[in-house]
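Heads up, the sequence shown is in our numbering, so the first residue is 164 and it goes up one at a time. Everything below concerns the one structure shown next.
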Amino acid sequence: MDQVQNIIENTAFPIKLSEGCFITLGQKRIPDFDRILAQLPNVFTHVDLNATAPGGGPQEYFIPLKDGRYLKLCLSGEELVSMSIVGESSS
Numbered sequence: 164m165d166q167v168q169n170i171i172e173n174t175a176f177p178i179k180l181s182e183g184c185f186i187t188l189g190q191k192r193i194p195d196f197d198r199i200l201a202q203l204p205n206v207f208t209h210v211d212l213n214a215t216a217p218g219g220g221p222q223e224y225f226i227p228l229k230d231g232r233y234l235k236l237c238l239s240g241e242e243l244v245s246m247s248i249v250g251e252s253s254s
């Protein structure tokens, strides 16, 4: 099993996110992924900060990983309710 998958399987969900993990623009609240990932330091080391990711669905977001896959984050309200890996490793 790879490191990211191991981290996901050993994470207790849901994770309550602080108010600072969201940017408020009028009526809209936008997740601040730098702050969300800062709460997950073991995952942050695998994130490719120079890559872009495709859009997700409502409350689903993709974060590019260094090995070419994506980390899918599912948010509900102010909680991170799940994470999963999408795609195949290029390493």
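Note that CB positions come from ideal geometry on N, CA and C, so glycine has one too. What you are looking at is a predicted structure, and each value in this text was computed from that prediction instead of being measured.
- Query: Cβ of residue 170 within 7 Å of Cβ of residue 206?
  - Reply: For residue 170 and residue 206, yes; Cβs fall inside 7 Å.
- If you measure from the CB of residue 210, is any heavy atom of the ligand MN nearer than 6 Å? The ligand content of the structure shown is nil, which means the ligand MN is not present either.
- Message: I'd like to check one pair, residue 243 with residue 224: are the Cβ atoms closer than 7 Å?
- Response: No.
- Touching or not, the region 195-215 and the region 225-234, by the rule of three or more beta carbon pairs under 8 Å? Cβ pair count under 8 Å is three or more, so yes.
- Query: So residue 196 packs on residue 245, CB below 8 Å; how close in whole Å?
  - Reply: About 16 Å; that fails the 8 Å criterion.
- Task: Give me whichever residues DSSP pairs with residue 249 in a beta bridge.
- Result: DSSP lists 233 as partners of residue 249.
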